[in-house]
Every structure is written in C-alpha cells, then in structure tokens.
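Participant: The structure's right below; bear with me while I get my questions together.
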Amino acid sequence: MPLWLIYHPESVFKDAESKKPLSESITSLYTALGLPAFYAVVIFIPVAAENFWVGGKEPRRNPFIRISVDHIAVRMDDKNYENWTARVDKALKPHIEDRGYDWEYHIGETERRLWKVNGVNAPPFGSRSEKEWFAANRVIPWSEGGISEPPTAKL
55 MPLWLIYHPE SVFKDAESKK PLSESITSLY TALGLPAFYA VVIFIPVAAE
105 NFWVGGKEPR RNPFIRISVD HIAVRMDDKN YENWTARVDK ALKPHIEDRG
155 YDWEYHIGET ERRLWKVNGV NAPPFGSRSE KEWFAANRVI PWSEGGISEP
205 PTAKL
C-alpha cells in the first residue's frame, strides 16, 4: 500500500478542492499498475511556519513541500527506479512545481509481509485475488493455490 505523507505550509493545500486533484494524480500512478485504488493513502499534514525549517533556516521565500512515501504493495527492481520517479515527477508537477513551490520527496520500500489491510494479508501482486480487490476496491478474503497468508515467522 503506498502511503504518502505530504508535509506542507499551512498556506497551501488548505481545502479539499486543492487536495483532491493531487490525491487523484497520486492514486492514478498505482491504479495504472493494476493496484486497487484503496491501496493509495494520501495524508496532508499542515506544518506551522515556525515548525518548518530547511537547512537550519526558517522557511524560504517559496513554500516548501516535503513528501515521504512508503511503498509496501510492490517493490521495484533497481532498473525501474528512474522510470518510476519520472512518473512521480510528472504527477506532482501541476500541483507543486507549476505553482512555484519548492519540493522534495523520498520513497522507502517496506517488506510486504509486514503489511495487513483490515487484518488480512494482501494477495500476491498481479494475482487473480488482487484483481478481485481492484474490481471491488476493497478488501475481500482470499485464498489462491491453498495460500491465504504468507509463512509465519517464529519470533
């Protein structure tokens, strides 16, 4: 599940009208890959000017947007990073860059076996069950080839 945390000054992304188009652009990055829309979670976190410091200095002339992304549903091969970040840049451009904001993002990849949705492990990427989740846009109990959970680790 991609989790996007968007830290922004209080002066930008003030209402649903400004947040919705960006969250839709982000969600479309993942639905284009065949992932269910509900996998994409975008959280806007306003930060007061006195709490936003970059390089040890107070806020700059232009609003600064800091984005932290966690990828859990799918991990990429190294060869896909450049293509993916180009897609991300394109999705963010009209909402951030074209408005004159300064921005930065990073994407971390988390082990899929450490992720559950409504207490259920997600089906394998690209599987029949994941396609059912995509069509329903919600969690559905699944079993494929007799497997419904990844192997349990002994702690």
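Just so you know, we're using my numbering here: the sequence shown kicks off at 55 and counts up by one. Ideal Cβ positions, reconstructed from N, Cα and C, are used throughout, including at glycine.
(1) Could you tell me the alpha carbon to alpha carbon distance between Pro-100 and Pro-117, rounded to whole angstroms?
(2) Buried or exposed: which applies to Met-55, given that a residue is buried once 16 or more other Cβ atoms fall within 10 Å of its Cβ?
(3) Would you grab the beta carbon distance between Thr-164 and His-125 for me? Rounded to a whole angstrom, and I think it's under 8 Å.
(4) Rounded to the nearest angstrom, what separates Pro-75 and Val-123 at their Cα positions?
(5) Whole angstroms is fine: what's the gap from Lys-11's alpha carbon to Pro-63's?
(6) Can you look up Lys-170 in the DSSP assignment and give me helix, strand or coil?
(7) Distance, Cα to Cα, Ala-103 vs Glu-112?
(8) Does DSSP put Ser-122 in a helix, a strand or coil?
(9) Tell me which same chain residues have a C-beta within less than 6 Å of the C-beta of Ile-150, skipping the five on either side of it?
(10) Tell me, to the nearest whole angstrom, how far the beta carbon of Leu-83 is from that of Ala-145; I am working on the premise that it is less than 8 Å.
(11) At a cut-off of 7 Å, would you count Leu-59 as near the ligand MG, judging by its Cβ distance to the nearest heavy atom?
(12) Among Val-171, Phe-179 and Pro-178, which has the Cα closest to the Cα of Val-12?
(13) Taking only three categories from DSSP, how would you classify Leu-57?
(14) With 16 as the cutoff for other CB atoms within 10 Å, does Ile-97 come out buried or exposed?
(15) If you draw a straight line from the alpha carbon of Lys-73 to that of Leu-87, how long is it in whole angstroms?
(16) Run through the DSSP bridge pairs and tell me what Val-95 is partnered with.
(17) Using the Cα positions of Leu-209 and Arg-167, report the straight-line distance between them to the nearest angstrom.
Facilitator: This is what the structure holds:
(1) Rounded to whole angstroms, Pro-100 to Pro-117 spans 12 Å at the Cα level.
(2) Counting Cβ neighbours within 10 Å, Met-55 comes out buried, since at least 16 surround it.
(3) About 7 Å; that satisfies the 8 Å criterion.
(4) In a straight line, the C-alpha of Pro-75 is about 18 Å away from that of Val-123.
(5) No information on residue 11 is available, as it lies outside the stretch 55 to 209 that the chain covers here.
(6) Strand at Lys-170.
(7) The alpha-carbon separation between Ala-103 and Glu-112 amounts to approximately 8 Å.
(8) Ser-122 falls in the strand class under three-state DSSP.
(9) The beta carbon of Ile-150 sits closer than 6 Å to the beta carbons of Ile-119 and Trp-157 from its chain, once the five residues preceding and following it are set aside; these are given in chain order.
(10) About 6 Å separates the two Cβ atoms, so the contact holds.
(11) Of the ligands one can find in the structure shown there are none, so the ligand MG has no counterpart to examine.
(12) Here the chain has residues from 55 to 209 only, and residue 12 is not among them.
(13) In the three-state reduction of the DSSP assignment, Leu-57 falls in the strand class.
(14) Residue environment for Ile-97: exposed (fewer than 16 other C-beta atoms within 10 angstroms of its C-beta).
(15) A direct Cα-to-Cα measurement between Lys-73 and Leu-87 gives close to 22 Å.
(16) Per DSSP, the beta-bridge partners of Val-95 are Leu-57.
(17) With a pLDDT of 41 at Leu-209, under the threshold of 50, the modelled position of this residue cannot be trusted; read the value that follows with caution. If you draw a straight line from the Cα of Leu-209 to the Cα of Arg-167, it comes to about 14 Å.
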